[in-house]
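Below is one structure; the comments refer to it alone.
Number of protein chains: 2
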Amino acid sequence: MIAKTPTPPYYAVIFTSIRTNVQEGYEVTADTMVEMAQQQDGFLGMESARDGIGITVSYWKDLESIRKWKANSDHLTAQKMGREKWYEGYTTRIALVEREYRFDR
Amino acid sequence: MIAKTPTPPYYAVIFTSIRTNVQEGYEVTADTMVEMAQQQDGFLGMESARDGIGITVSYWKDLESIRKWKANSDHLTAQKMGREKWYEGYTTRIALVEREYRFDR
């Protein structure tokens, strides 16, 4: 699903990752993090796809809501597990969405 | 591949799409557009994944380089074909990357 975000400005967190072949605990943790993110103040939507590379873009009202989610204790634990087991590498980019164009058939 | 982008600030174009089932011309055009984008002034990198939803994030030096690529005549033709044939819907977001964090094993 394409996220139905509000009129800009708002923030995007672009999380691009390469997985290891370790599966243990990954799916359940990833699913839990998605559910938890959706419940955070300032969460606006999320889009995710993986084929080889994984790209997850989450949308947020402001930097403060991103900072709070980054510092959430369950999320910190998941981030640590990610570095120890699940990811060969990742990049997180914090970006201010200035414009948005939408096409629907 | 995770794009090796420079120290922020720089721009991201987040293109999220849902395909129709029309294949005709799609692959060759998409490949050509990737090759052409890589040759544009100000192009910094690109990441792409599709499973159900497609997410392509391209990175650019500034708004001017994005504007020029958007107005490129071959790209305009491809955009028109995309709306006519290949996409059920898409959203394009223009975002200023303010911060970047990288993890490598």
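Protein chains in written order, with the numbering used here: chain A, 1 to 105; chain B, 1001 to 1105.
Note that the Cβ used here is the ideal one computed from N, Cα and C, for glycine as well.
Keep in mind the model is a prediction, meaning the values are calculated, not measured.
Ordered along the chain, which non-local residues of its own chain (more than five positions away) have a Cβ less than 7 Å from that of residue i?
i	result
residue 52 (chain A)	none
residue 69 (chain A)	37, 40 and 75
residue 1096 (chain B)	1009 and 1011
residue 1007 (chain B)	none
residue 101 (chain A)	none
residue 130 (chain A)	There is no way to answer for residue 130 (chain A), as the model of chain A reaches only from 1 to 105.
residue 60 (chain A)	10, 11, 13, 42, 43, 44 and 66
Output the boundary residues of the beta strand (DSSP E) element that contains residue i.
i	result
residue 55 (chain A)	53-60
Using a Cβ cut-off of 7 Å, pull out every chain A residue sitting near residue i, in sequence order please.
i	result
residue 1103 (chain B)	83, 87, 89 and 90
residue 1098 (chain B)	94, 95 and 96
Give me the Cβ distance between residue i and residue j, rounded to the nearest whole Å; I'm assuming they're in contact under 8 Å.
i	j	result
residue 1011 (chain B)	residue 1055 (chain B)	The pair is not a contact, with the Cβ atoms about 16 Å apart (cut-off 8 Å).
residue 1044 (chain B)	residue 1005 (chain B)	5 Å
residue 1015 (chain B)	residue 1090 (chain B)	6 Å
residue 50 (chain A)	residue 1049 (chain B)	6 Å
residue 1029 (chain B)	residue 1081 (chain B)	7 Å
residue 1078 (chain B)	residue 1033 (chain B)	5 Å
residue 83 (chain A)	residue 1103 (chain B)	6 Å
Residues bridged to residue i by DSSP?
i	result
residue 46 (chain A)	A:58
residue 16 (chain A)	A:55 and A:91
residue 1096 (chain B)	A:96 and B:1011
residue 1104 (chain B)	A:89
Could you please give the first and the last residue of the uninterrupted alpha helix (DSSP H) stretch that includes residue i?
i	result
residue 1070 (chain B)	1063-1071
residue 7 (chain A)	Premise fails: residue 7 (chain A) is in no alpha helix (DSSP H) and is neither H nor E.
residue 1027 (chain B)	1026-1038
Strictly below 9 Å CB to CB, what residues from chain B border residue i?
i	result
residue 1 (chain A)	1018, 1052 and 1053
residue 47 (chain A)	1014, 1016, 1053, 1055 and 1091
Could you pull out every residue in the same chain whose Cβ sits closer than 6 Å to the Cβ of residue i, ignoring the five residues on either side in sequence?
i	result
residue 17 (chain A)	54, 87 and 90
residue 1026 (chain B)	1086
residue 57 (chain A)	12, 14 and 47
Cutting at 8 Å between CB atoms, please list the residues of its own chain near residue i, excluding the five before and the five after it.
i	result
residue 956 (chain B)	With chain B covering 1001 to 1105 only, the question about residue 956 (chain B) has no answer from this structure.
residue 1 (chain A)	47
residue 1024 (chain B)	1085
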